[in-house]
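Asks: Just passing along the structure, written as structure tokens.
Residue numbers (the working numbering): 980 to 1348.
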């Protein structure tokens, strides 16, 4: 879908009736290969904007120069592609479709003779830039990340701290050294390696919980609300119990969703912007039970999110809660809410596991007297 949208919009831009065909504004085959990287593997170092735009443009410039200097068709192709690869590597802008850009130029002697170096600007640079811009917009609409966050970029909250699961104790130089040692620097960036190492560490930590299931650590005697519960009552429960989430149930304790504190804040913020008010008056209006149509828990609860059964291993919940997006996981039995595992429950369970592991006798150790 991303490739369809990207090539479609780029084609409309390049093939616009207002564009003079003499400018060389047309689609070329390598754009299809660039689309594969931008939309299918946007996290690849080879798909980043610098690699895509600079790589394609540099390859076109090299190929045009070769075509203007050499007449033999075979020599044009061989030298264009080979020199394009070398130049891209020197510019740290390796982009595989750029090899096809160079070959396209070398095989299109008639067009190159008329366009000259203009070919590198239009359509190559202009078309690739259009594809990259569409890829950025498409990634935001679909919840993906493009361009990929760089190692030195601020964390998800705009602070200098990186996400907790990415705090490895390894510097950028350490990660780069690993990639160079295993000859993976063109296939994986330091950011991707950091995420993989962090995910592996979290997964390894989850194995320390052994055969523990959610039934062993979940909270069972729950405070719940219904879809008709007024938001003022929900807010009061949050204040009284210091909860961050409340399950929403129907008849027979059938699970319907979860309402989080952030839902109250987000809804009040939306109302403040929509009604051109300050946040506090908007929140007071949201919680007002006397308004014409009071807002209920069912109006703002979340029906998505992970769920578990009583047999779900605790190890499956560790990666979910480590990233910070999941504060609580409801535990269901045939659709009926029987418990909930919060981050507090999980931390307590892992702490018990660590303490028991420290107390366990080491193999070959003598018993204490």
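Ideal placement from N, C-alpha and C gives every residue a C-beta, glycine not left out.
1. Throw me the rounded Cβ distance for the residue 992 and residue 1109 pair, which I believe falls under 8 Å.
2. Tell me, please, whether the region 1202–1214 touches the region 1054–1071 by the rule of three or more beta-carbon pairs shorter than 8 Å.
3. So residue 1222 is in the alpha helix (DSSP H); what residue range does that whole segment cover?
4. Please state the DSSP three-state secondary structure of residue 1331.
5. Near residue 1034, what residues of its chain come up, given a Cβ to Cβ distance below 7 Å and the 5 sequence neighbours on each side ignored?
6. Which residues mark the beginning and the end of the beta strand (DSSP E) in which residue 1063 is found?
7. Quick one: what does DSSP say residue 1096 is sitting in, helix, strand or coil?
8. State the Cα-Cα distance for the pair residue 1098 and residue 985, rounded to the nearest angstrom.
9. Return helix, strand or coil for residue 1348, following the three-state DSSP convention.
10. Tell me the residue span of the alpha helix (DSSP H) that contains residue 1010.
11. Identify the continuous alpha helix (DSSP H) that holds residue 1246 and give its terminal residues.
12. Find out if the Cβ-Cβ distance for the pair residue 1299, residue 1226 is shorter than 8 Å.
13. Taking the alpha-carbon of residue 1292 as reference, which of 1264, 1311, 1195 has the nearest alpha-carbon?
14. Expressed to the nearest angstrom, what Euclidean distance is found between the alpha-carbon atoms of residue 1086 and residue 1055?
15. Using DSSP's beta-bridge definition, name the partner residues of residue 1292.
16. Does the beta carbon of residue 1100 fall short of 7 Å from some heavy atom of the ligand NAP?
17. Which whole-angstrom value is the C-beta distance of residue 1311 and residue 1332, which I expect to be below 8 Å?
18. Put residue 1127 into one of helix, strand or coil per three-state DSSP.
19. Under a three-way DSSP split, which group does residue 1319 fall into?
20. Output needed for residue 1063: all residues of its chain with C-beta closer than 8 Å, excluding positions within five of it in sequence on either side, in chain order.
21. Would you say the region 1267–1285 touches the region 1224–1242, given that touching needs at least three Cβ pairs under 8 Å?
22. Comparing C-alpha positions only, which one of 1115, 1007, 1229 sits nearest to residue 1090?
23. Beta-carbon within less than 6 Å of residue 1229's beta-carbon, same chain only, minus the 5 sequence neighbours each way: which residues are those?
24. For residue 1021 versus residue 1123, is the C-beta distance shorter than 8 Å?
25. Kindly list the residues whose CB is nearer than 8 Å to the CB of residue 1029, restricted to its own chain and excluding five residues on each side of it in sequence; keep chain order.
26. Please classify residue 1161 as buried or exposed, where buried requires at least 16 other C-beta atoms within 10 Å of its C-beta.
27. According to DSSP, which residues form a beta bridge with residue 1227?
28. Could you say which of 1103, 1019, 1232 lies nearest to residue 1319 if we only look at CA atoms?
29. Along the chain, where does the beta strand (DSSP E) that runs through residue 1309 open and close?
30. Do the CB positions of residue 1224 and residue 1306 come within less than 8 Å of each other?
31. Alpha carbon to alpha carbon, how far is residue 1290 from residue 1026?
32. Around the Cβ of residue 1065, are there at least 16 other Cβ atoms within 10 angstroms (buried) or fewer (exposed)?
33. Based on Cα-Cα distance, which residue from 1256, 1015, 1191 lies nearest to residue 1107?
34. Considering only the beta carbon of each residue, do residue 1321 and residue 1156 sit closer than 8 Å?
35. Sort 1104, 1260, 1212, 1294 by Cα distance to residue 1182 and report the nearest one.
36. Given a cut-off of 8 Å on the beta-carbon distance, is the pair residue 1121 and residue 1009 in contact?
Replies: Checking against the coordinates, here is how it stands:
1. 5 Å
2. no
3. Neither: residue 1222 is in no alpha helix (DSSP H) and is coded neither H nor E.
4. helix
5. 1067, 1072, 1073, 1074, 1077
6. That residue, residue 1063, is in no beta strand (DSSP E); its alpha helix (DSSP H) goes 1052–1069.
7. coil
8. 21 Å
9. With a pLDDT of 37 at residue 1348, under the threshold of 50, the modelled position of that residue is not reliable, and no figure is offered here.
10. 1009–1014
11. 1240–1253
12. no
13. 1195
14. 8 Å
15. 1192
16. The ligand content of the structure shown is nil, which means the ligand NAP is not present either.
17. Rounded, the Cβ-Cβ distance is 25 Å, inconsistent with contact.
18. coil
19. strand
20. 1037, 1038, 1041, 1042, 1077, 1078, 1080, 1081
21. yes
22. 1007
23. 1235
24. yes
25. 1071, 1072
26. exposed
27. 1204, 1236
28. 1232
29. 1307–1312
30. yes
31. 41 Å
32. exposed
33. 1015
34. no
35. 1294
36. no
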